[in-house]
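Chemist:
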Amino acid sequence: MDSVLITMSSDLRDFLIATAVVQELQVQMVYQAQKDPPLREQNFSITFRLDEKFRYMEPCLQVVKNIVPTFDYSGWLEYTRNEFTNFIEFDVEVAKRIAKANQLHITEAYGIKIGTMLNALSLGMFPSRQPILTPLMLPKRAAEGKVQVRVEEWDFEKKYGYTFVSYLQNNYPELLVVYSVPIKPLCEFETVIKTVNMYDVIIGRASETTYIAASLEKSLIEIFDTDEDCYLYSNKNINNYTSTIGNPTSEYMWHLFEELWQNLSESTSITNSLEKSSKA
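Each number in my numbering corresponds to the 1-based position in the sequence shown with 5 added.
1. Considering residue 170, what are the terminal residues of the alpha helix (DSSP H) in which it resides?
2. Can you name, in chain order, every residue of its own chain whose Cβ lies under 8 Å from the Cβ of residue 231, other than the five neighbours on each side?
3. Taking the alpha carbon of residue 218 as the reference point, which residue from 107, 233, 243, 235 has its own alpha carbon closest?
4. Leaving out five residues before and five after residue 186 in sequence, what residues of the same chain have Cβ atoms less than 7 Å from its Cβ?
5. Report the three-state DSSP secondary structure of residue 209 (helix, strand or coil).
6. Is it buried or exposed for residue 267, if we count other Cβ within 10 angstroms and need 16 for buried?
7. Mind checking residue 176: buried by the 16 CB within 10 Å criterion, or exposed?
8. Can you tell me whether residue 166 is buried or exposed? The criterion is at least 16 other CB atoms within 10 Å of its CB, across all chains shown.
9. Indicate whether at least one CB of chain B lies closer than 8 Å to the CB of residue 38.
10. Between which residues of its own chain and residue 89 is the CB-CB distance below 6 Å, once the five residues before and five after are set aside?
11. Would you say residue 205 touches the ligand ZN, meaning its beta carbon is less than 7 Å from a heavy atom?
12. How long is the line joining the alpha carbons of residue 214 and residue 37, rounded to whole angstroms?
13. Within 10 Å of its beta-carbon, does residue 123 have 16 or more other beta-carbons around it, so buried, or fewer, so exposed?
14. Does DSSP put residue 246 in a helix, in a strand, or in coil?
15. Let me confirm a value: residue 209 is counted as buried when at least 16 other C-beta atoms fall within 10 Å, else exposed. Which label applies?
16. Mind checking who residue 8 pairs with in its DSSP beta bridge?
17. Does the Cβ of residue 240 have 16 or more other Cβ atoms within 10 Å, making it buried, or fewer, making it exposed?
18. If we call anything under 8 Å between Cβ atoms a contact, is residue 155 one with residue 226?
19. Under the assumption that residue 34 contacts residue 49 (Cβ atoms under 8 Å), give the Cβ distance between them as a whole number of angstroms.
20. Report all residues from its chain with a CB closer than 6 Å to the CB of residue 109; omit the five preceding and five following residues, and keep chain order.
21. Are residue 19 and residue 95 touching if we call contact CB-CB under 8 Å?
22. Just the C-alpha distance for residue 138 and residue 198, rounded to the nearest angstrom, thanks.
23. According to DSSP, simplified to helix, strand and coil, what is residue 108?
24. Less than 8 Å separating the beta-carbons of residue 221 and residue 245?
25. Comparing alpha-carbon positions, which option in 57, 59, 31 lies nearest residue 46?
26. Using the Cα positions of residue 92 and residue 161, report the straight-line distance between them to the nearest angstrom.
27. Which of helix, strand or coil does DSSP assign to residue 55?
28. Kindly list the residues whose CB is nearer than 7 Å to the CB of residue 64, restricted to its own chain and excluding five residues on each side of it in sequence; keep chain order.
29. Whole angstroms are fine: how far does the CA of residue 256 sit from the CA of residue 164?
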């Protein structure tokens, strides 16, 4: 039997990125095993080695109903050759080197490293940039009421975010705008995800928070420090998304928001109309 050991990162954003990759890996393994003739060994097991703080993510790491992974929280990092036949780990520096040549997204770079990218192309698929968080059973935001926007300060010296929030509050009465500092990485993982889920729009520097927002299909404006960060971590595949690089002024962020809001308000109006029609 093929026994696969997957060592997950202890960093929050890296863990989520790896989750997107291993979700796809498991789907591919099952698909290949069910082909006639099989494209891989039909009997296999998967073990995840992960930090205790990510226990909350167990439902997202079990992708296929009849394939139940083993979760190892022992902290043991050595490989035992007679216990496992395949080993997968997520080395972000190796992935960045792979991505750099063709400016690939980080998930694509991992996909090249472990084979999911080639498999996806041969199966007529394309790797996802975000993990599926549906198994966490997070509540849906109500369609009615004000659109809730979270703005995380991106320049604590010039307070561009604070000025930007004042503009939103004065010009968009249909919004409920919350100004905040970035969520600290030390916060409990479950708390971070549930906090992000409360909002319809997230605005701030690219981080664990913005990546979670993209995974939850929130509307999103991200600020990247460099061009490299942008192609590695961009979430441009989601709806109602835009990004910029550097340290945007409040005025420039207004411009980005107005473009985003035009699309978001149109889609929100359509959704509300459809829901009202279905209730009539």
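For each residue, glycine too, the CB sits at the ideal point set by N, CA and C.
Modeler: For this structure:
1. Start and end: 165-176.
2. Apart from the 5 residues on each side of it in sequence, residue 231 sits with its Cβ closer than 8 Å to the Cβ of 250 in its chain, given in chain order.
3. When each option's Cα is compared against that of residue 218, the closest is 243.
4. Excluding residues within five positions, the ones whose Cβ falls inside 7 Å are 157, 158.
5. Correct three-state label for residue 209: strand.
6. The residue in question, residue 267, is exposed, as its Cβ has fewer than 16 Cβ neighbours within 10 Å.
7. Label assigned to residue 176: exposed.
8. So residue 166 ends up on the buried side.
9. Absent from the structure: chain B. Only one protein chain is present.
10. Cβ-Cβ distances below 6 Å link residue 89 to 8, 10 in the same chain, with the five nearest sequence neighbours on each side left out; the list follows chain order.
11. Because no ligand of any kind appears in the structure shown, any question about the ligand ZN cannot be addressed here.
12. Distance from the CA atom of residue 214 to the CA atom of residue 37, rounded to whole angstroms, is 34 Å.
13. By the neighbour-count definition (other C-beta atoms within 10 Å, threshold 16), residue 123 is an exposed residue.
14. In the structure shown, residue 246 sits in a strand (DSSP, three-state: E or B).
15. That one is buried.
16. Under DSSP, the beta-bridge partners assigned to residue 8 are 50.
17. Label assigned to residue 240: buried.
18. Not in contact: residue 155 and residue 226 (Cβ atoms no closer than 8 Å).
19. Between residue 49 and residue 34 the Cβ distance is about 6 Å, and since that is below 8 Å, they are a contact.
20. Non-local C-beta neighbours of residue 109 in its own chain, meaning closer than 6 Å and more than five positions away in sequence, are absent.
21. Cβ atoms of residue 19 and residue 95: closer than 8 Å.
22. The C-alpha of residue 198 is placed about 10 Å away from the C-alpha of residue 138.
23. In the structure shown, residue 108 sits in coil (DSSP, three-state: anything other than H, G, I, E or B).
24. One thing to note: residue 221 has its Cβ no nearer than 8 Å to the Cβ of residue 245.
25. Of the residues 57, 59, 31, the one whose Cα lies closest to the Cα of residue 46 is 31.
26. Going by C-alpha positions, residue 92 is about 43 Å away from residue 161.
27. When DSSP states are grouped into helix, strand and coil, residue 55 belongs to the coil group.
28. Within the same chain, 140, 141 come within 7 Å of residue 64 by CB-CB distance, once the 5 residues on both sides are set aside.
29. Going by the C-alpha atoms only, they are around 12 Å apart.
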